[in-house]
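Worksheet: one structure, shown below.
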Amino acid sequence: MGSKIRLTTSQALIKFLNQQYIHVDGRESPFVEGIFTIFGHGNVLGIGQALEQDPGHLKVLQGKNEQGMAHAAIAYSKEKLRKKIYAVSTSSGPGSANLVTAAGTALANNIPVLLLPADTYATRQPDPVLQQIEQEYSIAVTTNDALKPVSRYWDRVTRPEQLMSSLIRGFEVLTDPARSGPVTICICQDVEGEAFDYEESFFQKRIHYVDRKEPSERELEAAVQLIRESRKPLILVGGGVKYSEAREELTALSERYQIPLVETQAGKSAVESTFRNNLGGMGITGTLAANKAARQADLIIGIGTRYTDFATSSKTAFDFDRTKFLNINVSRMQAYKLDAVQVVADAKVTLQQLYPLLEGYSSDFGPVIPELRAEWDAERERLSRVEFSRSGFLPEIKNQFSQETMNEYADALGTELPQTTALLAINDTIENDSIILSSAGSLPGDLQRLWNAEVPNTYHLEYGYSCMGYEVSGTLGLKLAHPDKEVYSIVGDGSFLMLHSELITAMQYHQKINILLFDNSGFGCINNLQMDYGSGSFFCEFRTADNRIMNIDYAKVAEGYGAKVYRVNSVEALKSALEDAKLQETSTLIDMKVLPKTMTDGYDSWWNLGVAEVSHKEGIQRAYEHKFEMLKRSKSY
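The numbering of the sequence shown is the working numbering, which starts it at 1 and goes up by one.
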């Protein structure tokens with residue numbers, strides 16, 4: 001037996017985290033950058049003591065909300081292309097419960113994050129302890145059981161020696177490209193402080209090798225045959241292209257064989273928007289160019305995508321009678337989707353090997369690509385010129401409110417600024433290498449359609465879970481990952497109200513973030529949805545009990561935290577604020593008052609929703625009839 005070292009469970013945890021390294025493409029680096037924590041009973045005397053005694057190289061950041069700091073950690077990992085993480089430590093009970101939403105966000109997006117919630121007493125001697133739940137059917141159930149369905153790996157440590165096997169298994173998952181996601185290791189609060197004689201070998205430098213999985217000869221042959229038999233193949237670029245760093249291989253293959261690209265939200269900016277074969281986002285929040293190409297395609301080559309309903313327009317985006325599917329994905333489960341021919345392998349390596357095997361092939365999409373791009377560019381330009389009129393509101397944009405209601409909003413918010421106009425002005429004003437982040441509401445749709453990412457990997461959308469409240473917290477993660485770049489949170493007032501606590505954390509640690517707050521006084525996206533499907537405007541506007549539109553001074557909120565703030569209601573004021581914000585060293589917030597119903601509408605897409613089958617409203621009846629007809633075009637598996 002080797003030599004041993006006596007440590008508490010928490011001290012052993014921190015010592016282990018300091019010795020984890022990841023090796024990708026010949027480059028080796030520490031895998032755990034640091035740890036976010038909010039101390040409470042359950043972790044302050046265990047993990048807190050261990051960090052105070054010797055954090056090693058780990059950066060320790062004090063969060064303000066457990067969900068918020070976990071979202072920051074998730075965004076950081078996503079920006080680091082899953083090659084580096086932050087751990088997250090919380091107290092038991094409500095502290096750990098607050099991780100559930102963040103864990104779901106990480107799981108849906110396949111993002112590695114190490115969650116370390118404290119748990120109840122292993123001895124059970126003082127039960128029930130403060131913040132402990134009790135269930136009659138089992139004394140073993142704790143709040144942390146709620147994290148099981150939203151964790152890729154979950155464990156509860158009830159003895160100090162269990163930590164060793166738990167951590168090794170957890171890090172195997174964290175560093176596996178095919179199964180990466182949230183790892184939750186719950187440590188009983190009494191166990192955190194208990195000591196054990198650990199083998200010193202457990203704390204030796206441990207390297208996690210991430211080797212690129214190569215496609216088999218059979219997979220390559222099947223892929224080549226499928227592509228050569230097709231006349232109009234289309235590549236759907238998913239987030240896996242980013243994580244594989246396959247931009248050069250993808251653009252080379254697309255150019256050589258005239259295969260156009262369309263993007264998911266996660267895949268957008270894996271290849272810059274200016275690439276001539278890039279037709280933009282596909283699906284419900286996609287461009288007309290991309291959705292037209294999907295209708296024409298006889299082969300969809302999905303690379304690193306999960307085929308969510310937004311990307312596939314609820315599986316109505318394609319002509320299933322003639323369109324075939326080829327999926328390249330490190331996850332076998334994802335590769336099987338839509339009855340595709342499967343290539344279970346790394347995207348970068350697969351594209352490298354496919355390139356020479358397609359010699360002599362050229363798709364029929366070649367002359368069509370510039371036509372589709374030109375048509376969409378004209379539409380984008382049109383949307384940049386939309387103006388408000390009190391006598392005939394925005395005839396260019398579908399609008400569900402009456403002219404009277406729109407005028408009421410203009411008066412209440414003191415603005416005539418359309419959302420799309422503001423968004424395009426931002427795109428034109430901030431630096432090209434700046435990184436933007438968004439997550440929920442109508443803004444992701446506008447962004448996927450309208451935002452030109454001229455520099456690769458400058459577009460960060462969390463749309464696997466579309467989690468309201470991710471926007472501000474996630475932008476802190478962006479800044480931690482890219483301290484030399486300007487980062488922008490593009491967030492609606494609804495999401496800002498959900499969660500913006502980590503703005504304070506950003507200011508506390510001098511991490512400058514810029515918040516671009518679109519205030520239309522309501523949950524505008526869902527209001528559009530309910531009215532699109534025949535309902536009235538019902539509890540989605542922010543109105544007082546006497547039916548007055550609320551006008552909240554969000555700038556004053558951020559100003560109270562110490563941020564530099566701006567209040568704008570015109571394009572000119574917005575551009576001026578953006579330019580001044582670039583000069584600031586502290587975090588900024590631009591409070592934009594924008595009109596509701598001024599976002600982009602769908603372009604040749606459909607979303608399958610739970611429309612009421614029985615209703616006295618004709619609009620809802622029509623919506624259900626339309627759903628029934630659209631389902632005839634869809635695929636169910």
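Cβ coordinates follow ideal geometry from the N, Cα and C atoms, glycine included.
Here the structure is a predicted model, which means the values were calculated and not measured.
Excluding its 5 nearest sequence neighbours in each direction, Gln334 has C-beta neighbours in its own chain below 6 Å: Arg306, listed in chain order. In the three-state DSSP reduction, Pro149 falls in the helix class (H, G or I). Taking a 10 Å sphere around the C-beta of Arg380, we find 16 or more other C-beta atoms and assign the residue as buried. By the Cβ-count criterion, Arg247 is buried, with 16 or more other Cβ atoms from all chains shown falling within 10 Å of its own Cβ. Less than 8 Å divides the Cβ of Ala106 from the Cβ of Val113. Less than 8 Å separates the beta-carbon of His208 from that of His23. If you ignore the 5 residues before and after His482, its C-beta comes within less than 7 Å of the C-beta of Glu79, Ile435, all in its own chain and listed in chain order. In this structure, the straight-line span from the alpha carbon of Arg156 to that of Ile5 is close to 23 Å.
In this structure, the straight-line span from the alpha carbon of Pro260 to that of Ala122 is close to 57 Å. About 6 Å separates the beta carbons of Lys205 and Tyr21, which is inside the 8 Å limit, making them a contact pair. Short of 7 Å from the beta carbon of Gln352, and not among the five residues preceding or following it, lie these beta carbons of its own chain, in chain order: Glu249. DSSP, read as helix, strand or coil, puts Val113 in strand. DSSP places Thr505 within a helical segment (H, G or I) once states are collapsed to three. The alpha-carbon separation between Gly46 and Tyr509 amounts to approximately 24 Å. Within the DSSP secondary-structure output, Asp532 pairs in no beta bridge. Between Val224 and Leu357, the C-beta gap is smaller than 8 Å, which places the two residues in contact. If you compare the alpha carbons of Arg179, Phe401, Arg449, Val472 with that of Asp601, the shortest gap goes to Arg449. DSSP lists Gln135 as the beta-bridge partner residues of Ser138. From the listed residues Arg548, Thr8, Ser402, the smallest Cα separation to Arg159 is found for Thr8. CA-to-CA, the gap between Leu443 and Leu529 works out to about 14 Å. Residue pairing of Thr420 in beta bridges, as defined by DSSP: absent, with no partner found.
Closest option to Gly492, judged by alpha-carbon separation, among Lys575, Ala440, Asn457, Ser254: Ala440. Taken through DSSP and simplified to helix, strand or coil, Glu572 comes out as helix. By the neighbour-count definition (other C-beta atoms within 10 Å, threshold 16), Ser216 is an exposed residue. Under the three-state reduction of DSSP, Asp411 is assigned to helix.
Phe39 and Val60 have their C-alpha atoms some 12 Å from each other.
Between Pro182 and the set Pro30, Ala103, Leu130, the nearest pair of CA atoms involves Ala103. Taking the CA atoms as reference points, Lys556 sits about 21 Å from Tyr470. Boundaries of the beta strand (DSSP E) around Tyr86: 85-90. Assigned with DSSP and collapsed to three states, Glu379 falls in helix. Assigned with DSSP and collapsed to three states, Thr350 falls in helix. In the structure shown, the three-state DSSP call for Glu431 is coil.
For Leu130, the closest alpha carbon among the candidates Glu136, Ser138, Tyr137, Ala118 is that of Ala118.
Within its own chain, the residues whose Cβ lies closer than 6 Å to the Cβ of Ser313, once the five positions on either side in sequence are excluded, are Gly283, Ile284, Ser605, Trp606, listed in chain order.
Nearest Cα to Leu595 within the set Ala581, Asn551, Gln419: Gln419. When only Cα atoms are considered, Ile552 and Leu578 end up about 21 Å apart.
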